[in-house]
Amino acid sequence: MKLGYHLGYWSSGPPAHAAETIRTAEELGFDSVWTAEGYGSDALTPLAWWGSATSRVTLGTNIVQMSARTPTATAMAAMTLDHLSGGRFVLGLGASGPQVVEGWYGMPYPKPLARTREYVDIIRKVVARAEPVTHDGAHYQLPLHSGTGLGKPLKPTVHPLREHIPIYLAAEGPKNVALSAEIGDGWLPLFFSPRSDGFYRAALDEGFARRARPPASFEVAASVPVIVHDDVEAAADLIKPSLALYIGGMGARNVNFHRDVFARMGYEEVADRVQELYLAGHKDEATAAIPTRLVEDTSLIGPPAKIRDELAAWEESVVTTLLVRGDAATLRSVADVLS
Numbered sequence: 052m053k054l055g056y057h058l059g060y061w062s063s064g065p066p067a068h069a070a071e072t073i074r075t076a077e078e079l080g081f082d083s084v085w086t087a088e089g090y091g092s093d094a095l096t097p098l099a100w101w102g103s104a105t106s107r108v109t110l111g112t113n114i115v116q117m118s119a120r121t122p123t124a125t126a127m128a129a130m131t132l133d134h135l136s137g138g139r140f141v142l143g144l145g146a147s148g149p150q151v152v153e154g155w156y157g158m159p160y161p162k163p164l165a166r167t168r169e170y171v172d173i174i175r176k177v178v179a180r181a182e183p184v185t186h187d188g189a190h191y192q193l194p195l196h197s198g199t200g201l202g203k204p205l206k207p208t209v210h211p212l213r214e215h216i217p218i219y220l221a222a223e224g225p226k227n228v229a230l231s232a233e234i235g236d237g238w239l240p241l242f243f244s245p246r247s248d249g250f251y252r253a254a255l256d257e258g259f260a261r262r263a264r265p266p267a268s269f270e271v272a273a274s275v276p277v278i279v280h281d282d283v284e285a286a287a288d289l290i291k292p293s294l295a296l297y298i299g300g301m302g303a304r305n306v307n308f309h310r311d312v313f314a315r316m317g318y319e320e321v322a323d324r325v326q327e328l329y330l331a332g333h334k335d336e337a338t339a340a341i342p343t344r345l346v347e348d349t350s351l352i353g354p355p356a357k358i359r360d361e362l363a364a365w366e367e368s369v370v371t372t373l374l375v376r377g378d379a380a381t382l383r384s385v386a387d388v389l390s
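For the numbering used here, add 51 to where a residue sits in the sequence shown, where the first one is 1.
The structure is reproduced here in structure tokens:
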């Protein structure tokens, strides 16, 4: 199983010692480095800035928000980064949720799967550069129907380094996971659990069945907290606040895809309680309501022997890469335990 380093998105400012940690990841033999965006720092600029000091690792976005850019703008960025990195770029895309899409980007959220399908199709056309790009969809039109009438189909001025740049889709629900297998080169799961492997295998198989031919390879790069610590409870306590945020506060009361993941995992009562407390402003109580066993289902925490023992279930799952976070010292300890 491969290891990747995930910087995530920034909080109040750039993560400390990011450049050093990325260099450490490459020195340790990590396969990839990833950035993200929400409604603060963007994913592409840090990847280009810090990625310029690397020479081997794959550089990926986990994720670029589709609502933040038109498909052609995203394709331009992908081709640019692919050239600058010598063909090491992977474009990870995601639909996000209605609060961010409509509240921050001012774009419509309905029918995210159909929108994703059109978005990816346009990017593929731009990168292939076989002909001027046209698209007549429900969500995107090239040229635009309602404009001046002067728009014309265009090809990118830049010739792509690769005519096919890998596209991974972030997905949590079964239909979106199936879509990643149908039209993508990889899947970026969040809150994956080996106990749910059968559920996700079925969704992926559904998507593979809709392809004209199976992909030569398909990557599943899962963000997985890994904390090497002699005290399991202390390690779990480091993760619980983030889980409380995602389960309780990321999304509206009736539309929270992260909450739904844990409900399908068998934690529906816990998820509902966490959401109730979090939305009422009781964040500490919401955090305390998360049992350690839930953390252990979606993380690798504890002493080295425990982590190595539990790693077997991850290696037998659909996951091909574990994306971990932390500083350089954390990456060294993770690499030592998981090597």
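Every residue gets a Cβ at the ideal spot worked out from N, C-alpha and C, and that includes glycine.
First and last residue of the beta strand (DSSP E) that includes residue 390?
Careful: residue 390 lies outside any beta strand (DSSP E) and carries neither H nor E.
If we require 4 or more residues per run, which alpha helix (DSSP H) segments fall completely within the region 76-155?
95-102, 122-135, 149-154
Applying the criterion that 16 or more other CB atoms from any shown protein chain within 10 Å of the CB defines a buried residue, is residue 351 buried or exposed?
buried
Taking its Cβ as the centre, do 16 or more other Cβ atoms sit within 10 Å of residue 244, making it buried, or is it exposed?
buried
Give me, in chain order, the residues of the same chain whose beta-carbon lies closer than 7 angstroms to that of residue 393; leave out the 5 immediate sequence neighbours on both sides.
For the chain, the structure presents residues 52 to 390; residue 393 sits outside this window and is missing.
Residue 175 beta carbon less than 8 angstroms from that of residue 207:
no
Using the three-state DSSP reduction, which class does residue 381 fall into: helix, strand or coil?
helix
Tell me which residues share the same chain as residue 308 and place their Cβ nearer than 6 angstroms to its Cβ, disregarding the 5 neighbours each side in the sequence.
223
Just list the beta strand (DSSP E) runs in the region 295-363, keeping only unbroken ones of 3 residues or longer that don't cross its boundaries, in chain order.
351-353
In terms of alpha-carbon separation, which member of 78, 178, 168, 64 lies closest to residue 56?
78
In terms of alpha-carbon separation, which member of 360, 336, 335, 337 lies closest to residue 347?
360
Do residue 73 and residue 100 have their C-beta atoms closer together than 8 angstroms?
no
Give the range of the beta strand (DSSP E) segment to which residue 277 is assigned.
277-279
Supposed contact pair residue 240 and residue 271 - C-beta distance, whole angstroms, cut 8 angstroms:
7 angstroms
Count the C-beta pairs between the region 146-160 and the region 198-217 that are closer than 8 angstroms, then say yes if the count reaches three, no if not.
no
Looking at the structure shown, is residue 53 part of a helix, part of a strand, or coil, going by DSSP?
strand
In terms of DSSP beta bridges, what is residue 187 paired with?
192
Pairwise C-alpha distance: residue 112 and residue 143:
5 angstroms
Within 10 angstroms of its Cβ, does residue 88 collect 16 or more other Cβ (buried), or is it exposed?
buried
Helix, strand or coil, according to DSSP, for residue 235 in the structure here?
coil
Counting Cβ pairs, one atom from each stretch, are 3 or more of them under 8 angstroms apart for the region 250-257 and the region 280-296?
no
With DSSP as the reference, label residue 368 as helix, strand or coil.
coil
My output table needs one value for residue 272: the three-state DSSP class, helix, strand or coil.
strand
Spatial neighbours of residue 59 within its chain, please: C-beta separation below 7 angstroms, excluding the five flanking residues on both sides.
87, 376
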